[in-house]
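The sequence shown begins at 362 in this note's numbering and counts up by one. Idealized CB from N, CA, C, for every residue including glycine. Computed from a predicted structure; not experimentally measured.
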Amino acid sequence: MLKMVGDLVKDNMNIDDKVIAESMMTAAKDGALLYLNSAVTSTNSELRGIYTAAVGQMLEGDAALTELCIKKDWIKPCETAISQLSCAVNCAKDTVENKK
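What follows is the structure, encoded as structure tokens:
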């Protein structure tokens, strides 16, 4: 994930707050999954408690970023699934076109 963000920054100096926020949301989700997996598989109760607390912190961070993205109108959770998918496809096409 970090390499992908680094490549985006190197290749495209037009990085904006939306791209940074989306990258942070992805990182928070990945981190929460890692901590959750660690909490579930840990046999040590102290470690399980630490990992569980970390999951909560990651989820709080993700919730704050999601709220910011909704407030800034960068994501629209109430749109239809087709509309959201169409937007994602168009953004992907724009990214590919900008790479050429």
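Per DSSP, reduced to three states, the secondary structure at residue 427 is helical. Boundaries of the alpha helix (DSSP H) around residue 398: 378–402. Cβ neighbours of residue 382 within its own chain (closer than 7 Å, five residues either side excluded): 426, 429, 430, 435. Under the 8 Å Cβ criterion, the stretch 405–420 counts as touching the stretch 380–397, having at least three qualifying pairs. The alpha carbon of residue 419 has as its nearest neighbour, out of 405, 392, 433, 407, the alpha carbon of 392.
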